[in-house]
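Asks:
Number of protein chains: 4
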Amino acid sequence: MSAFDALGRPLRLAFIGGAAPSMIGQVHLRAALMDRRFAVVAGALSRDATRGEASAAEYGIAPERSYPDVATMLDAEARRSDGIEAVAIVTPNDTHHRFALAAITADLDVMLDKPMTNSVAEAVDVARAASGRGVALVLTHGYSGYPMIREARALVAAGRIGDVRSVQVEYLGSGLAARVEDAPDAAKRWRLDPARSGPSLVLGDIGTHAHHLATYVCGEDIATLSAEVGALMPGRRVHDYAQLRFRLASGARGAMTLCQGAAGVENHILLRVIGSEGHLEWRHPAHNELRLCPIDGPPVVLSRGQPWLSAAATHATRFRRTGHPEGLHEAFANLYSDFAELAAARRLGIAPDPLATTAPGAEAGLAGLRFVAACLASDTAGGAWTELER
Amino acid sequence: MSAFDALGRPLRLAFIGGAAPSMIGQVHLRAALMDRRFAVVAGALSRDATRGEASAAEYGIAPERSYPDVATMLDAEARRSDGIEAVAIVTPNDTHHRFALAAITADLDVMLDKPMTNSVAEAVDVARAASGRGVALVLTHGYSGYPMIREARALVAAGRIGDVRSVQVEYLGSGLAARVEDAPDAAKRWRLDPARSGPSLVLGDIGTHAHHLATYVCGEDIATLSAEVGALMPGRRVHDYAQLRFRLASGARGAMTLCQGAAGVENHILLRVIGSEGHLEWRHPAHNELRLCPIDGPPVVLSRGQPWLSAAATHATRFRRTGHPEGLHEAFANLYSDFAELAAARRLGIAPDPLATTAPGAEAGLAGLRFVAACLASDTAGGAWTELER
Amino acid sequence: MSAFDALGRPLRLAFIGGAAPSMIGQVHLRAALMDRRFAVVAGALSRDATRGEASAAEYGIAPERSYPDVATMLDAEARRSDGIEAVAIVTPNDTHHRFALAAITADLDVMLDKPMTNSVAEAVDVARAASGRGVALVLTHGYSGYPMIREARALVAAGRIGDVRSVQVEYLGSGLAARVEDAPDAAKRWRLDPARSGPSLVLGDIGTHAHHLATYVCGEDIATLSAEVGALMPGRRVHDYAQLRFRLASGARGAMTLCQGAAGVENHILLRVIGSEGHLEWRHPAHNELRLCPIDGPPVVLSRGQPWLSAAATHATRFRRTGHPEGLHEAFANLYSDFAELAAARRLGIAPDPLATTAPGAEAGLAGLRFVAACLASDTAGGAWTELER
Amino acid sequence: MSAFDALGRPLRLAFIGGAAPSMIGQVHLRAALMDRRFAVVAGALSRDATRGEASAAEYGIAPERSYPDVATMLDAEARRSDGIEAVAIVTPNDTHHRFALAAITADLDVMLDKPMTNSVAEAVDVARAASGRGVALVLTHGYSGYPMIREARALVAAGRIGDVRSVQVEYLGSGLAARVEDAPDAAKRWRLDPARSGPSLVLGDIGTHAHHLATYVCGEDIATLSAEVGALMPGRRVHDYAQLRFRLASGARGAMTLCQGAAGVENHILLRVIGSEGHLEWRHPAHNELRLCPIDGPPVVLSRGQPWLSAAATHATRFRRTGHPEGLHEAFANLYSDFAELAAARRLGIAPDPLATTAPGAEAGLAGLRFVAACLASDTAGGAWTELER
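Residue numbers (this note's numbering), protein chains in the order written: chain A, 1 to 390; chain B, 1 to 390; chain C, 1 to 390; chain D, 1 to 390.
(1) List the residues that DSSP assigns as beta-bridge partners of residue 243(C).
(2) Runs of 3 residues minimum, wholly inside the region 33-66 of chain A: which ones carry the beta strand (DSSP E) assignment?
(3) Kindly list, in the order they appear in chain A, the residues whose Cβ is closer than 8 angstroms to that of residue 302(C).
(4) Would you decide whether residue 350(A) is buried or exposed? Buried here means 16 or more other CB atoms lie within 10 Å of its CB.
(5) Near residue 210(A), what residues of its chain come up, given a Cβ to Cβ distance below 7 angstroms and the 5 sequence neighbours on each side ignored?
(6) Please classify residue 253(C) as buried or exposed, where buried requires at least 16 other C-beta atoms within 10 Å of its C-beta.
(7) Given that residue 207(A) touches chain D, what residues does it touch there, using C-beta distances under 7 angstroms?
(8) With a threshold of 7 angstroms on Cβ separation, who are the neighbours of residue 319(D) within its own chain once the five nearest residues in sequence on each side are excluded?
(9) Rank 65(A), 114(A), 388(A) by C-alpha distance to the C-alpha of residue 82(A) and give the top, closest one.
(10) Can you confirm whether the region 197-204 of chain C touches the region 360-374 of chain C when touching is taken to mean that 3 or more C-beta pairs between the two stretches lie within less than 8 angstroms?
(11) Classify residue 368(D): buried if its beta carbon has 16 or more other beta carbons within 10 angstroms, exposed otherwise.
(12) By Cβ distance below 8 angstroms, which residues in the same chain neighbour residue 12(A) in space, the five residues on each side in sequence not counted?
(13) Short of 8 angstroms in beta carbon distance, which residues of its chain neighbour residue 78(A), apart from the five on each side in sequence? Order them along the chain.
(14) If you follow the beta strand (DSSP E) that residue 97(A) is part of, which residue opens it and which one closes it?
(15) CB residue 248(A) to CB residue 167(A), shorter than 8 angstroms?
(16) Can you find a CB in chain A that lies within less than 8 angstroms of the CB of residue 308(D)?
(17) Below 7 angstroms between beta carbons is the criterion; list the residues of the region 59-90 of chain C that meet it against any residue of chain D, in chain order.
(18) For residue 2(D), which of 386(D), 312(D), 263(D), 342(D) has the nearest alpha-carbon?
(19) Whose Cβ in chain C lies nearer than 7 angstroms to the Cβ of residue 28(D)?
(20) Using a Cβ cut-off of 9 angstroms, which residues of the region 161-178 of chain A contact any Cβ in chain D, in chain order?
(21) Can you pull out the residues from the region 253-286 of chain A whose beta carbon lies closer than 9 angstroms to at least one beta carbon of chain B?
(22) Residue 101(C) and residue 365(C) - do their beta-carbons sit closer together than 8 angstroms?
(23) Give a yes or no on whether 8 angstroms exceeds the smallest Cβ distance from residue 232(A) to chain D.
(24) Counting only C-beta atoms, is residue 329(C) closer than 8 angstroms to chain G at any point?
(25) Anyone know if the C-beta pair for residue 239(D) and residue 230(D) falls short of 8 angstroms?
(26) If the criterion is Cβ atoms closer than 8 angstroms, does the pair residue 315(B) and residue 271(B) meet it?
(27) Using 10 angstroms around the beta-carbon of residue 132(C), count the other beta-carbons present and answer buried if the total reaches 16, otherwise exposed.
(28) Please give me, in chain order, every unbroken run of the beta strand (DSSP E) with length at least 3 that falls completely inside the region 285-356 of chain C.
(29) Are the region 143-162 of chain B and the region 212-225 of chain B touching, with three or more C-beta to C-beta distances below 8 angstroms?
(30) Per DSSP, what kind of secondary structure is residue 265(A) in: helix, strand or coil?
(31) Does DSSP put residue 149(B) in a helix, in a strand, or in coil?
(32) DSSP three-state call for residue 282(A): helix, strand or coil?
(33) Please name the residue or residues paired with residue 137(A) in a DSSP beta bridge.
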């Protein structure tokens with residue numbers, strides 16, 4: 001029996017950020033509600049009171065629990081017998097450190113948008129606080145919630161492709177293909193300000209996703225890397241491109257290409273893991289599939305819902321049959337589901353379902369920031385091989 | 001402004017059927033909740049009181065509003081000031097007629113699983129009742145909720161492929177590929193009983209979907225058809241296969257192949273509409289894409305989230321950007337969202353958003369049953385061309 | 001050792017038809033030469049002497065062996081010690097009967113473009129003559145020369161998908177999508193004249209291909225069928241569309257859709273064979289692949305050049321490794337290669353390599369004409385089930 | 001009128017190397033013969049006289065023109081009035097320099113397998129000799145013979161994707177995925193000996209292909225690069241992996257991943273060129289297609305045979321209609337066809353068809369060797385940015 005089932009009721013969740021026109025807030029909201037493991041009961045949705053109140057209604061939050069700021073919310077909710085038990089933080093990156101620490105200090109479980117923070121030092125703070133308090137903290141590296149990514153991780157762990165020898169990751173988007181600096185929308189405006197989005201837009205925005213996908217599936221972190229980071233768009237002040245070589249802890253080689261300025265690309269992600277006995281390939285546009293190509297037989301097309309998939313994949317699937325497509329909302333919901341399990345286990349003082357424990361937590365978030373830092377250090381040193389801090 | 005926005009609150013919804021282990025009940029539930037347009041407040045989830053109560057908790061229904069049967073629920077809820085305003089009927093086919101009429105009589109809006117009923121006569125009853133009362137009735141032909149199916153319909157209507165000349169539809173599944181009669185699960189058990197699933201399993205289960213997809217996209221109904229209906233599996237008593245030729249009202253020719261006994265197939269649906277100026281092709285495994293292939297230029301890959309799609313497609317999309325996959329839950333949720341709009345409009349006595357009015361209603365449901373009847377009549381007559389009742 | 005290897009030299013081949021601007025003549029020529037099993041030494045390439053001579057040079061035929069007509073060629077070549085041993089007939093359909101009989105009478109082996117003739121009676125003539133003389137006769141149903149089609153046949157024969165239960169074939173092209181009647185090119189001009197192209201353009205042109213693909217792979221012929229044949233294009237006098245239901249000899253059901261008026265389609269062919277234990281799917285745009293989808297495991301992607309393919313597939317492959325794409329020229333060349341083997345075996349009075357004996361011969365050609373006749377008879381009878389003549 | 005048409009006859013070609021069991025020799029042979037622009041009349045097919053003679057028969061070479069070595073052949077043929085006019089050199093890499101120089105000195109046109117030589121110095125020799133003599137020299141970078149690669153080049157040149165900003169190339173094969181050192185076949189044996197295959201197996205074998213594809217399509221060379229070169233297979237003495245960052249002359253960034261040890265990969269090649277106005281993507285398994293994805297409209301699927309393709313693509317196509325797949329033989333044959341045009345033009349002292357002049361010649365071959373040298377220099381310097389020699 002899972003801890004969540006033992007708890008037997010949804011957890012009370014508050015949102016920090018997420019007021020319209022945030023897209024990611026809506027994704028979190030749908031994901032949080034999809035499996036009825038959370039009730040969204042409070043929020044500090046915006047610094048702008050009018051926007052916050054308007055959005056609260058959309059979130060189904062009662063007016064009296066829609067707060068003007070985080071401190072007020074944490075304070076007021078702590079005094080309620082039915083106060084919040086967890087928060088979802090979906091604010092710009094520069095606020096993650098502050099809000100996460102506040103929530104942890106309030107003994108709340110935390111769902112935190114990636115990247116965890118804007119610096120390694122901040123990430124260490126958050127990781128230490130979470131660990132010290134013992135709260136559950138999950139980062140929304142949503143792609144690792146896809147069932148076929150979990151299958152890939154399970155197959156690598158089971159030795160199905162032998163020893164990992166090479167990893168290739170591509171993450172290409174078109175969000176910065178045009179000169180968006182001239183007329184940024186809300187989501188772009190803070191991203192184009194390094195003080196808010198962090199030292200490297202491309203690394204924080206999509207690089208940490210790519211880093212997490214690769215290391216999650218391979219089951220080991222990057223040990224050292226050589227990176228070029230910069231901008232494809234002439235005159236651009238933020239980074240929109242990075243190209244890396246790396247070595248995993250086991251010595252396996254890797255290549256990663258990141259680009260937010262790829263005109264005409266529709267959020268392309270590729271992950272290929274090559275082992276001594278075969279390889280795996282996953283592409284985002286066909287995320288419900290995973291190709292397993294052994295060295296001594298024909299390629300096999302694994303797909304979401306097949307009965308022979310691993311427990312890890314089945315755990316992350318709602319339609320228990322093939323051919324019923326799920327999408328990114330479900331992937332996010334898988335993280336929320338795992339988060340609920342971890343939070344419930346903490347409240348009950350029991351062990352969570354082991355299948356829920358692969359969701360990216362503080363360690364993964366810290367690893368992501370160390371990855372960003374190493375990329376920038378390598379780039380500054382002309383692409384010199386740079387070890388990740390451990 | 002939409003009627004739902006004018007209403008300004010979720011509608012109160014009850015479930016009829018849907019207790020575990022129903023898969024489709026969960027799909028309805030997630031779909032109903034996805035956009036916070038419904039609050040699920042009551043239910044008659046099972047004839048088995050224990051199962052019903054257990055499931056009520058999962059549905060978030062208070063114990064006192066979990067009822068042992070439909071009549072009791074309708075009666076009790078009618079007396080509440082906060083009584084239900086709509087029902088979702090997800091019971092076996094043979095009960096649709098009875099429950100739909102009861103709900104309509106109670107002045108409730110109705111979300112009804114397909115097929116609408118098990119006979120044309122019953123469908124006429126339901127359609128007349130719904131029309132007479134003016135309630136909103138939507139059928140969960142979920143595939144027509146996909147944004148790219150709505151785009152296809154919009155493109156045909158806009159003349160982008162010229163005059164429609166030929167339509168091809170395939171719907172192949174593997175649910176009956178093995179001899180499931182020997183050990184049916186719950187979903188199979190009632191389906192294998194014609195008294196419950198209707199006169200033709202394959203036609204009711206997937207044929208009405210294929211019929212609706214083709215006629216929804218082409219914007220016209222089938223006028224006449226020639227059909228073979230039967231079973232691929234030796235000794236099978238229910239239908240698992242049908243093959244049709246048909247003519248649309250405009251005279252365009254069509255072909256349809258339906259099979260539930262296709263070993264190794266993962267819920268394959270294909271729709272191809274060929275016109276004088278080009279054709280459209282959509283495949284379920286890549287449902288976020290639609291190929292538009294003009295006669296005088298290269299094929300174009302339209303995909304969910306592109307800014308140049310029709311209002312009809314954008315209306316049915318949550319991620320307002322490409323490359324963020326949605327799935328079948330969202331398609332169902334689009335029907336629920338349209339249903340909420342229609343129901344809200346009725347309550348307010350105003351016109352609904354026109355974009356919500358393409359959801360399959362009683363007319364579509366009745367057309368589906370006439371389609372089934374014509375297929376069976378044609379098959380009985382050795383495949384003779386048979387006109388659909390109008 | 002193959003008979004061809006035993007013969008130890010290329011066979012002397014003449015072309016009947018094929019002068020510019022024939023496209024199919026060039027395909028035959030490249031195919032005949034690809035494996036150096038034929039030397040093209042003579043030809044009656046055109047009734048137009050100027051065109052014939054001009055083309056002879058392109059074909060590498062010496063001027064003195066470029067003849068004005070077939071009779072002259074057969075007569076002259078019969079008197080040479082190095083006279084021709086085989087002919088390739090690539091003329092309009094109405095001449096196949098006459099030229100094939102003439103060549104057979106001259107004791108030549110015959111490569112004949114499909115359809116074999118324009119009527120069953122003519123086809124019987126040719127089949128009897130070929131059989132009586134014992135000459136090799138191969139029809140260029142080029143698609144059955146693809147290695148993965150041969151693999152499909154081998155897999156069905158080996159029982160890899162169990163008992164065949166259903167077959168689906170689609171063949172859609174765009175050659176008649178526009179009103180080509182207004183300004184036909186050379187290839188269209190004779191096709192649009194039923195006196196030349198036969199009683200049904202769509203059935204002769206692509207229907208016989210689809211018929212052959214299905215029956216070749218399944219290893220059994222169609223027993224009975226129900227067909228609609230007609231024109232999608234308003235006012236068109238020739239057929240451009242057909243839709244069939246059929247039963248194989250074993251009782252397996254089939255569906256076939258044929259269309260030459262599919263705007264924007266790029267020569268689409270689909271073959272799907274569903275058995276009790278799994279299914280096979282092949283699509284022309286990805287002809288180097290074959291999907292084998294078992295009932296109890298994930299889909300497997302077989303592809304040209306894999307070492308675990310059948311001897312039949314490997315026999316039809318030049319690149320003995322994967323990832324080196326072959327195409328339609330190679331498929332045609334496989335038929336020519338088989339033809340050379342059969343012709344060499346006849347000359348030496350020995351048995352041919354069994355792998356060469358699956359190439360479509362006179363029986364397949366006759367079956368194709370019987371298929372056409374049954375379709376037309378069924379259509380005339382309003383789609384009545386019609387048995388194929390045996 | 002093309003120079004080849006003006007010449008009006010096939011050119012006399014000899015093979016250097018290519019005896020069985022060479023696979024690449026057969027590919028060259030089929031390509032040379034496909035368009036009847038060459039007659040293969042002589043050969044020094046093997047140092048092993050028995051193998052050479054046996055193969056000569058297969059190549060259709062008369063016994064008296066099958067020579068034991070290159071010098072003998074060049075000498076004997078020079079004395080014939082019908083002596084050879086061109087050679088195809090398909091021997092191991094270490095002999096390219098010697099044989100190419102000998103052929104050039106004999107005033108023969110040269111078709112040369114890639115890489116041109118094993119060192120920059122040797123490549124300079126060959127390039128200078130070819131230039132000095134004015135002979136035609138073409139390298140078989142076969143992939144650049146694909147029509148859709150030529151289309152890609154034409155589209156970039158026409159500005160259809162705007163300014164090139166980023167290029168991604170992947171070339172992955174499985175030839176060295178197993179420990180082939182233990183039992184190498186003939187093709188592997190010399191490759192595993194650096195004295196024969198050159199200083200870096202992966203760079204010479206597939207790196208020069210990737211380099212040529214990228215620079216051919218972009219129309220500019222790599223200016224500087226940073227590379228890691230090594231072996232994925234533990235204990236391997238030759239290179240099977242390389243990972244590069246680079247800058248084109250225009251400053252556009254690039255990434256390249258090369259691997260010959262990718263278990264289960266079927267000769268995967270990807271080329272993606274990202275510009276300011278859109279991007280192009282081409283994948284080898286679907287080589288008949290090219291995706292053009294503009295920044296402001298949906299992706300477009302260009303495919304071989306479409307009438308709106310560039311003259312460059314149509315020039316490289318045999319089937320002048322879509323849906324008739326060509327393959328790698330045709331791509332090679334396109335290089336041979338261009339080679340014939342260049343050779344004919346030289347003989348006649350006239351200008352060749354401009355469409356034939358994009359075939360990779362001595363400059364491209366030299367650029368390839370400079371690319372290899374820069375990669376090795378960069379790798380030795382720990383991945384330091386290294387300019388290519390100009």
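Don't be surprised by glycine CBs; every beta carbon is placed ideally from N, CA and C.
Replies: Result, derived from the coordinates:
(1) 228(C), 257(C)
(2) 38-44
(3) 298
(4) exposed
(5) 169, 171, 256, 258
(6) buried
(7) What residue 207(A) touches in chain D: nothing, since even the nearest Cβ is about 14 angstroms away.
(8) 305, 326
(9) 65(A)
(10) yes
(11) buried
(12) 38, 39, 41, 42, 82, 83, 84, 85, 86
(13) 106
(14) Here residue 97(A) belongs to no beta strand (DSSP E); instead the alpha helix (DSSP H) covers 96-105.
(15) yes
(16) no
(17) 60
(18) 342(D)
(19) Residues of chain C passing the Cβ test: none, with the nearest at roughly 12 angstroms.
(20) 161, 162, 163, 165, 166, 168, 170, 172, 174, 177, 178
(21) 265, 266, 267, 268, 269, 284, 285, 286
(22) no
(23) yes
(24) Checking the listed chains, one finds no chain G in this structure; the protein chains it contains are A, B, C and D.
(25) yes
(26) no
(27) exposed
(28) 289-294, 300-303
(29) yes
(30) coil
(31) helix
(32) strand
(33) 110(A)
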